[in-house]
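Enquirer: Heads up: the first sequence begins at 1 in UniProt numbering, then just goes up one per residue. Glycine residues also receive a C-beta, built at the ideal position from the N, C-alpha and C atoms. As the structure is a computational prediction, the values presented were derived from the model and not from experiment. Let me give you the structure first, and then I'll get to my questions.
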Amino acid sequence: MIDDQTQAAEELQQRLRQTVIVHDELPTEIRTVAGVDVAYEQNSNRLVAAVAVLDVASLQVIRIASYHGEATFPYIPGLFSFRELPAVLSALDQLPVKPDLLVCDGQGLAHPRRFGLACHLGVVTGIATIGCAKTRLIGEYEPLGADRGAYQSLVDEGAVVGRALRTQTGKNPVFVSVGHKVSLETATDWILRLTPTYRLPETTRAADQAVKALLRAPR
DNA sequence: GCGACAG
DNA sequence: ATCTTGTCGC
């Protein structure tokens, strides 16, 4: 017996998945790339969402936008976007200019209904997005090379839904998938460009750092 | 029925 | 996600 909330959420995913653009349709000139993340407070529903905008050339943070609020949806694998999207959208609203590309801390098409957080955020904002998760949700993949840049297709039900990509030699891979308006090939290139030193993209590292600092600071 | 299961 | 110190390894 799945409740109405779950039922409605899954139906919305089935409907919105039809609007996802899986080929390159990003701005001609990508000058800014942003990372988004959310942190939660223990023993409460308080949360903080942040968007960290980086300059593509220097990979330096040029702006941080945030939002403090309450979690309104539980964490359910497969329905993750319904928990984080509202707060993330509120944080994005604080930005005077939209970033050219968004990197999400979660899946894009590598989702049971092919509509993870990256796809959801992309279609509702119209911004090009990439999903880059630390762990896998669905799919299988063959062993990949140990060198940075090595990758293997993430396959689910016979379809390539993303890639297990090694961003740092000797470290565990990240899971890259199409979000919206970015092909898997281009998404892979961007993730490698955003991981010159660490396993995770500088964008998600900056957003993660911002969100944790804001959670501890007073409001 | 038994696991698996983004953050 | 969050609770958490030291510690093993390069």
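1) Select from Lys171, Ser58, Leu89, Leu54 the residue whose C-alpha is nearest the C-alpha of Gly122.
2) Where does His23 land, buried or exposed, given buried means 16+ other C-beta within 10 angstroms?
3) Would you tell me roughly how many angstroms separate the C-alpha atoms of Val178 and Ile138, rounded to the nearest one?
4) Skipping 5 residues on each side, what residues in its chain have a beta carbon closer than 8 Å to that of Val161?
5) DSSP state of Val38, grouped into three classes?
6) Check whether the Cβ atoms of Lys181 and Glu25 sit closer than 8 Å, and answer yes or no.
7) Name the one or two DSSP bridge partners that Glu140 has.
8) Kindly indicate which three-state DSSP category Thr129 falls into: helix, strand or coil?
9) To which residues does DSSP link His68 through a beta bridge?
10) Tyr198 to Ser81, Cα distance in whole Å?
11) Would you kindly work out how many angstroms separate the C-alpha atoms of Gln60 and Lys98, rounded to a whole number?
Expert: According to the structure data:
1) When the alpha-carbon of Gly122 is set against those of Lys171, Ser58, Leu89, Leu54, the nearest one is in Leu89.
2) Exposed: under 16 other Cβ atoms inside 10 Å.
3) Val178 and Ile138: Cα-Cα distance of roughly 14 Å.
4) So the list reads Leu109, Ala110, His111, Arg114, Ile138, Gly139, Leu154, Val155, Ser177, once near-sequence residues are dropped.
5) Three-state DSSP puts Val38 in a strand.
6) Taking C-beta atoms as the reference points, Lys181 and Glu25 count as a pair closer than 8 Å.
7) Val155.
8) Strand, per DSSP.
9) Its beta-bridge partners are Val48.
10) Their backbone Cα atoms lie some 25 Å apart in a straight line.
11) In a straight line, the C-alpha of Gln60 is about 17 Å away from that of Lys98.
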